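Numbering (the working numbering), first residue to last: 148 to 439.
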Ligand SMILES: O=C(O)CCC(=O)C(=O)O
């Protein structure tokens, strides 16, 4: 049964994104937020990124350099659906998943997920990029669903997006031979000039086309900003690069059935470099906490 209206689907196709309210039930939202609170508490005992490790052996929890026991700066949890029943449930079984199926279904496959947290005082920012350049596939029927774990407004580091950029080029994330994980500064300036912010109450979701250019600034407000970010693809979109964040549930069909064929879109894609660190923030030049 369709959850999104035709007008919302048309908006997504035109703009490359859509913000919709009530993507999870109040009980689901409360369970997600309770996990976050517990993980933030746990991070106080750690000086450097920590486990339980991800499928490929990297730390699951990453903190910014400003992290301390008194003022935690936990900024990333990799594939929370691998370690939390609440996050797994929302990934598989929520209005958010139904909305994604309305956009790229009926057959939908899970790729990976993560939480990006900006606690108050956190310096974390996200430089402009398109997700497709990190996760190229045989076609671009791919949606990044960014679920708001907190109320997001003009003060706390909202996501900003460049409407319509999903119909333009896929920008390089390289500076010469160096993988920077971000578009060139001149491209970012041009994208920022035509960007709009995505605000909304906790429980809303921003559904973003994989080629939409986006980023976000640091949290300068007095409330935390958390996003639960799930990447879903059409079942017949097949990865052209190793998953930057492999998950126990990678490839799981969350709606419909598996594909027998891969659908190919013509074109050239630049292949990303795979991160070795706990999160892409380090690739974008923002070091993790150290014990020094
Ligand atoms: O955390 C954010 O503001 C943006 C997240 C994002 O761009 C990403 O993880 O690809």
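Don't be surprised by glycine CBs; every beta carbon is placed ideally from N, CA and C. Given the structure is predicted, the values throughout are model-derived calculations rather than measurements.
*Whole runs of the alpha helix (DSSP H) within the region 218-291, excluding any shorter than 4 residues*: 232-239, 242-251 and 278-281
*First and last residue of the alpha helix (DSSP H) that includes residue 197?*
Within the chain shown, residue 197 is the residue found at index 50, counting from 1. No alpha helix (DSSP H) holds residue 197; DSSP gives it neither H nor E.
*Quick one: is residue 294 buried, meaning 16 or more other Cβ sit within 10 Å of its Cβ, or exposed?*
Within the chain shown, residue 294 is the residue found at index 147, counting from 1. Residue 294 should be labelled buried.
*Name the one or two DSSP bridge partners that residue 150 has.*
In the chain shown, counting from the first residue as 1, residue 150 sits at position 3. Partner(s): none; residue 150 has no beta bridge.
*With a cut-off of 8 angstroms on the beta carbons, I'd call residue 359 and residue 430 a contact; round off their distance for me.*
What you label residue 359 is simply residue 212 of the chain shown in a count that begins at 1. What you label residue 430 is simply residue 283 of the chain shown in a count that begins at 1. Not confirmed; about 19 angstroms, so no contact.
*What number of angstroms, rounded off, separates the C-alpha of residue 437 from the C-alpha of residue 408?*
Working through the chain shown from its first residue, we reach residue 437 at position 290. Working through the chain shown from its first residue, we reach residue 408 at position 261. Near 46 angstroms, if we compare the C-alpha coordinates of residue 408 and residue 437.
*Taking the alpha carbon of residue 242 as the point to measure from, which residue in 169, 411 and 319 has its own alpha carbon closest?*
By 1-based counting over the chain shown, the position of residue 242 is 95. Of the candidates 169, 411 and 319, the one whose C-alpha sits nearest the C-alpha of residue 242 is 169.
*Leaving aside the five residues before and after residue 347 along the sequence, list all residues of the same chain whose C-beta is less than 7 angstroms from its C-beta, in chain order.*
Mapped onto the chain shown, residue 347 falls at position 200. Taken in chain order, the residues that qualify are 166, 168, 295 and 299.
*At a cut-off of 6 angstroms, is residue 376 close to ligand 1 when judged by its beta-carbon and the heavy atoms of the ligand?*
Walking along the chain shown from the start, residue 376 turns up at place 229. Yes.
*From the DSSP output, which residues share a beta bridge with residue 308?*
Sequence index remark: in the chain shown, residue 308 carries index 161 (1-based). Partner(s): 343 and 361.
_At least 3 beta-carbon pairs within less than 8 angstroms: the region 262-269 vs the region 316-335_ = no
*Taking the C-alpha atoms as reference points, what is the distance between residue 420 and residue 349?*
Start at 1 with the first residue of the chain shown, and residue 420 comes out as number 273. Start at 1 with the first residue of the chain shown, and residue 349 comes out as number 202. So the alpha carbons of these two residues sit roughly 33 angstroms apart.
*Cβ of residue 303 versus every heavy atom of ligand 1: is any distance shorter than 6 angstroms?*
In the chain shown, counting from the first residue as 1, residue 303 sits at position 156. No, Cβ of residue 303 sits at least 6 angstroms from all heavy atoms of ligand 1.
_When 246, 324 and 291 are compared against residue 261, the one with the closest alpha-carbon_ = The residue labelled residue 261 in the question sits at position 114 within the chain shown. Nearest option by C-alpha distance: 291.
*When the distance is taken between beta carbons, is residue 368 closer than 7 angstroms to residue 286?*
Position 139 of the chain shown holds residue 286. Position 221 of the chain shown holds residue 368. Against a cut-off of 7 angstroms, the Cβ pair of residue 368 and residue 286 comes out as no contact.
*If you compare alpha carbons, which of 423, 413 and 150 is closest to residue 283?*
Locating residue 283 in the chain shown gives position 136, where the first residue counts as 1. Among 423, 413 and 150, the Cα nearest to that of residue 283 belongs to 413.
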